[in-house]
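Structure representation (structure tokens):
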């Protein structure tokens, strides 16, 4: 199993120890940080916290198996018992805006609709931020990113409703990428090493580096059940793939379809930065290893913007030493697989440079 070491347990399930990390949802109202939504995040009810005994077991096992832990928090800080346990282990935190002051070293999740609060963030070139935005905020994307300049080292942009994108949304996003590119180039020429995932990740990669959910990392819910990622938990609690066991570790079913090598379209693609979100795959195509048209199209728009930015940066260090990105004559990889309409011939492509051939 790629990215994990597995052995078969007596129950017929696999005991999987991810060699990367585990995401631990400390309470049901944890902040959503990627494409998914959490219906409990805005709820007024008191948080239902993970039991201290369960968290202590997870931490013990993480130390033994050398698993890195990332804790997902909601709007309320953990009670003292849980906080004490968290403080006993090296970890990362992902927190909403409401807790950014309490945990200055955490990854902070921002929502485009709350952009009025961005000005309250202090300048910090060591901070990691996540910006979630949807179709309604798409045309504001470049402006939101510029408003955050100086406040992050790395900014990860997640399009929360990409599965609903239309052709006009793709046009809008392409324009916003162009504006972001123009705004970032002066930063790099002045020597500021900031990252914006949708523009800079592809430039620095020579192989696929996707999300890795279900392979490199698993998610542990507040009740100890395991999921491929938080999205599967919040979408349907019945989609559990196993559970945490204090003696055995993460006892889960192996899902081969989550592995990159089982994704035939993706293995021939060079949009190396693509999230390849298996939750979106399942939601839109009913298969973990088959991406939707929208996810592919967005990744290729970002790929092209990265290609252009490398050209813009020219001899600027360290970008001049980065491999150039080949120009493609398509935006959707499916165009290279589906037969063209009768009488229509696609423009010839050099097979030595086209990653889809």
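In the working numbering, the protein residues as written are 45 to 401.
Heads up, the beta-carbon is just placed ideally off N, CA and C, and yes, glycines get one too.
Spatial distance of residue i from residue j (CA atoms)
i	j	result
residue 3	residue 83	Residue 3 is absent from the structure shown; the chain starts at 45 and stops at 401.
residue 76	residue 85	8 Å
residue 157	residue 148	22 Å
residue 225	residue 185	12 Å
residue 243	residue 254	15 Å
residue 89	residue 119	11 Å
residue 123	residue 221	42 Å
residue 74	residue 256	20 Å
residue 349	residue 327	27 Å
residue 338	residue 104	41 Å
residue 190	residue 171	15 Å
residue 192	residue 291	45 Å
residue 353	residue 370	13 Å
residue 78	residue 333	18 Å
residue 288	residue 279	20 Å
residue 232	residue 144	27 Å
residue 367	residue 70	42 Å
residue 351	residue 223	14 Å
residue 93	residue 362	45 Å
Residues near residue i in its chain [Cβ-Cβ closer than 8 Å; skip 5 each side]
i	result
residue 341	209, 214, 375 and 376
residue 100	129
residue 188	156, 159, 162, 175, 177 and 181
residue 241	198, 199, 200, 201 and 317
residue 281	265 and 269
Nonlocal neighbours in the same chain, by C-beta distance under 6 Å from residue i, ignoring five residues either side
i	result
residue 356	229
residue 275	80 and 323
residue 343	315 and 318
residue 64	260 and 261
residue 165	195
residue 347	246 and 315
residue 283	276
residue 169	197
Beta-carbon proximity check, residue i vs residue j, cutoff 8 Å
i	j	result
residue 266	residue 72	yes
residue 138	residue 113	no
residue 174	residue 128	no
residue 66	residue 199	no
residue 126	residue 141	no
residue 207	residue 336	yes
residue 264	residue 111	no
residue 133	residue 107	yes
Cβ-based burial, residue i [other Cβ within 10 Å; buried from 16]
i	result
residue 364	exposed
residue 330	exposed
residue 277	buried
residue 403	Missing from the structure shown is residue 403; the chain here goes from 45 to 401 and no further.
residue 211	exposed
residue 97	exposed
residue 91	buried
residue 320	buried
residue 87	exposed
Contact set for residue i: own chain, Cβ-Cβ below 7 Å, skip 5 residues either direction
i	result
residue 345	214, 217, 218, 221 and 375
residue 13	As shown, the chain starts at 45 and ends at 401. That puts residue 13 outside it, with no answer to give.
residue 135	113, 114 and 115
Worksheet item: How about the region 172-181 and the region 309-319: do they share at least three Cβ pairs that are nearer than 8 Å?
Response: By the Cβ rule, the region 172-181 does not count as touching the region 309-319, because fewer than three pairs are nearer than 8 Å.
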